[in-house]
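To start, the structure itself, in structure tokens.
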Amino acid sequence: MAKRIILLVLYHKVRARVPSVRNILRRYRCYNKNGADHPSSPERVTYPPIESDRTDAQLYGVPTAILAHLLSAKGMCDAPFEIKIDNFRFAGFPKTVSNPSARSPHIFHVVFVLVANAPAYLVTSFQTLSRKVALAIDEEQSRCGYLADQMTTMLNEHDKNESLPNADDSVPYREILDQSSLAQALRDVFDDVSDYGMVHVFINDCVEIGFCIETRAHIHAGLTPKSRTEVEAIVRRIRPYHGILLLEESIPSPDSNPSVRLLLKHCEPDRSIIGVSNASGLPVVQVLLVVRHLLLWARAVIIYPLCSSNVYTSATHPKPLTSLAEQFAELFDNAELAAVLAEFSPPCTLAEFTNASLHSVEEQRVRLRMVARLLRDELIMQLHTFLSELKSIADEGIRNMIMSARMTNEIKGTVGKLCNSLLRNSTSEQVESTLALFIRLLPYLNGEHHIEDIMYRMNLERSVIVRVLDTFASVLATFSRPDFISE
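Quick note: the sequence shown, position 81, residue 256 per this note's numbering, numbers continuous.
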């Protein structure tokens with residue numbers, strides 16, 4: 176996570192004043208909008224306080240003037256920037272001002288300071304955020320001279336500070352923060368990305384900046400952290416039969432994409448993606464694009480839609496059970512989380528958990544909400560039945576239909592015996608129909624597909640597939656495990 180931000184403004188005329196604008200945002204973090212210290216919180220990313228008399232030479236190992244020169248990125252503007260100095264890695268996006276004025280710089284650079292061993296995806300993320308901030312500032316500079324005005328405000332505060340008796344080289348951070356909306360916006364960017372992994376701010380109350388660092392956002396949401404690459408891999412494995420579970424009540428902004436509002440309106444834990452598509456009138460591809468956005472911003476998780484045949488068991492991920500138990504008790508009238516989780520060990524179906532003979536209609540609704548909450552907190556996971564051909568030492572097959580199927584000779588022999596057994600109680604047409612369907616299922620009986628996936632791929636009802644699988648159970652091996660789509 177970003178340790179601090181440097182706002183480095185490079186002037187084409189007043190270069191001597193550049194070193195005085197240093198490390199501003201790192202110290203801005205020490206103050207909130209009212210000038211008071213931020214209260215400590217276990218969810219906040221905290222750093223040791225930096226004394227006002229510490230120089231950049233003490234902080235970064237190089238003097239301010241040299242640091243300014245290194246971060247000026249001459250000849251490298253409008254491109255991702257990265258440099259490592261001792262224990263720090265500086266990531267940014269130096270920007271050439273599109274329409275500079277007499278009072279504005281020609282170049283400015285918002286730099287995030289990371290630890291030296293920050294992973295590559297994190298460096299890339301902060302370069303992207305720096306670019307978004309830079310483009311927003313540049314757009315406002317072109318529209319109304321915003322950057323020039325803000326730099327004038329900052330330098331005026333410096334002049335006031337230098338004119339005071341016993342003035343030193345310190346920077347009037349609090350005063351600049353009080354007077355400069357740009358400083359306040361950058362402070363908000365830093366706070367948001369440090370605390371939540373997500374940024375949603377407006378530059379000059381006009382240009383919106385939205386950004387998300389996936390790993391931090393997942394941690395804040397109480398989920399297993401995943402990088403953008405891992406989330407994209409999950410997106411590629413999503414099928415229309417999957418569903419989505421919103422983590423919190425999402426209220427889209429007034430100017431948000433209408434597709435987002437429409438999807439949120441029809442999104443339910445018991446509804447699949449294709450069901451959401453049918454209910455909302457949105458194409459499946461468009462629904463998947465919105466789902467991808469929700470996953471990247473840690474606003475939803477992928478599940479299989481709630482139905483009575485779903486089998487759930489306790490999850491294996493370590494979780495802070497004390498805090499989750501308190502939240503669970505608040506949501507469900509002092510219900511004990513441990514007692515509820517015990518009902519899923521050994522695994523049980525949703526129908527068994529909401530047993531209509533033991534619970535009233537209202538209690539069943541509450542228990543459905545409990546399951547949704549447990550899935551949201553990753554405290555339970557669904558088990559799916561996967562199937563694989565079972566090796567056999569039976570004789571050769573006897574039917575042409577069996578001989579032409581893609582099965583081993585051993586399996587053909589066993590299937591032939593099963594068909595002979597079926598002919599005693601069924602017509603040859605019925606046996607051939609059942610056998611034909613089993614042969615169609617063979618490509619999916621390799622241990623990689625669960626029943627729900629086979630239902631989707633073959634467009635068949637569960638009862639039809641289960642009947643055929645039961646018929647040929649002696650040549651099949653079944654096992655239960657999670658889908659692993661979000662692992």
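For every residue, glycine included, the Cβ atom is placed at its ideal position computed from N, Cα and C.
Less than 8 Å between C-beta atoms, sequence neighbours within five positions excluded: which residues of the same chain meet that for residue i?
i      : result
Pro125 : Outside the displayed range of the chain (176 to 662) lies residue 125, so it cannot be described from this structure.
Ile409 : Lys401, Leu470, Ile477, Ile660, Ser661
Glu636 : Met630
Ser663 : Because the chain spans 176 through 662 in this model, residue 663 falls outside it and cannot be assessed.
Pro521 : Thr488
Pro347 : Glu332, His333, Lys335, Asn336
Arg446 : Gly418, Ala454, Pro480
Ala547 : Leu420, Pro444, Leu481
Ala510 : Phe503, Ala504, Met545
Ile640 : Leu616, Ile626, Ile629, Met630, Met633
Residue i: which of the options sits nearest, CA to CA?
i      : options                        : result
His625 : Phe647, Thr653, Trp472, Ser638 : Thr653
Cys252 : Trp472, His281, Phe528, Glu389 : His281
Ala513 : Leu496, Glu527, Asp261         : Leu496
Thr524 : Ala475, Cys482, Leu533, Gln539 : Cys482
Ala248 : Gly267, Ile260, Asn262, Asp261 : Gly267
Ala360 : Val466, Gly385, Val462, Ser338 : Gly385
Val465 : Ile413, Asn509, Glu505, Ser484 : Ile413
Arg632 : Leu617, Ala454, Glu443         : Leu617
Ala277 : Gln316, Leu310, Ala293, Asp261 : Gln316
Arg467 : Thr404, Leu304, Arg542         : Thr404
Phe503 : Leu610, Ser603, Ala526, Arg542 : Arg542
Asp658 : Ala500, Glu623, His244         : Glu623
Leu304 : Thr602, Gly372, Glu501, Pro294 : Gly372
Asn621 : Leu562, Ala611, Asn634         : Leu562
Tell me whether the beta-carbon of residue i lies closer than 7 Å to the beta-carbon of residue j.
i      : j      : result
Phe256 : Pro238 : no
Met329 : Ile312 : no
Tyr321 : Asn379 : yes
Leu549 : Arg474 : no
Leu506 : Asp552 : no
Val376 : Val368 : no
Phe263 : Val298 : no
Leu242 : Val286 : no
Residues in the same chain with beta-carbon distance under 7 Å from residue i, minus the five sequence neighbours each way, listed in chain order, please.
i      : result
Ser355 : Gln325, Thr328, Met329
Val462 : Leu438, Ile448, Val451, Ser452
Val515 : Met545
Arg306 : Phe268
Lys259 : Ala291
Cys442 : Ile419, Leu421, Val451
Asn485 : Tyr479, Thr524, Leu525, Gln557
For residue i, which residues in the same chain have their Cβ closer than 6 Å to its Cβ, ignoring the five residues on either side in sequence?
i      : result
Val406 : Glu389, Leu470, Leu471
Gln302 : Pro255, Ala266, Phe268
Ser673 : With the chain represented from 176 up to 662, any question about residue 673 goes unanswered, as that position is not in the structure.
Tyr487 : Phe519, Ile555, Gln557
Ser649 : none
Tyr619 : Ile629
Asp508 : none
Glu314 : Val382
His534 : none
Arg642 : none
Does the beta carbon of residue i sit closer than 7 Å to a beta carbon anywhere in chain C?
i      : result
Gly250 : Absent from the structure is chain C; it holds one protein chain and no more.
For this session: Could I get the ranges of all uninterrupted alpha helix (DSSP H) runs contained in the segment 400-428, with 4 residues as the minimum, in chain order?
Result: The alpha helix (DSSP H) runs of length 4 or more contained entirely in the segment 400-428 are, from start to end of the chain, 403-412.
Exercise. Would you say the segment 429-444 touches the segment 387-402, given that touching needs at least three Cβ pairs under 8 Å?
Worked result: Fewer than three Cβ pairs drawn from the segment 429-444 and the segment 387-402 lie within less than 8 Å of each other, which leaves the two stretches out of contact.
Exercise. Is there contact between the segment 384-398 and the segment 409-419, where contact requires at least three CB pairs shorter than 8 Å?
Worked result: Touching, no, given that fewer than three Cβ pairs across the two stretches are closer than 8 Å.
Problem set entry | Touch test, the segment 484-492 against the segment 548-561, Cβ-Cβ under 8 Å, three pairs minimum | Counting C-beta pairs closer than 8 Å gives three or more between the segment 484-492 and the segment 548-561, which meets the contact rule.
For this session: Note down, one range per segment and in chain order, each alpha helix (DSSP H) of at least 4 residues found wholly within the segment 420-479.
Result: Counting only runs of at least 4 residues, the segment 420-479 fully encloses the following alpha helix (DSSP H) elements, listed from N- to C-terminal order: 433-441, 448-455, 459-471.
For this session: Return the chain-ordered ranges of every alpha helix (DSSP H) run that is complete within the segment 290-329 and spans a minimum of 4 residues.
Result: Fully contained in the segment 290-329 are the following alpha helix (DSSP H) runs of length 4 or more, in chain order: 295-319.
Problem set entry | Length-filtered (3 minimum) beta strand (DSSP E) runs lying within the segment 247-276 | If we require 3 residues or more, the beta strand (DSSP E) runs fully inside the segment 247-276 come out as 256-260, 263-267.
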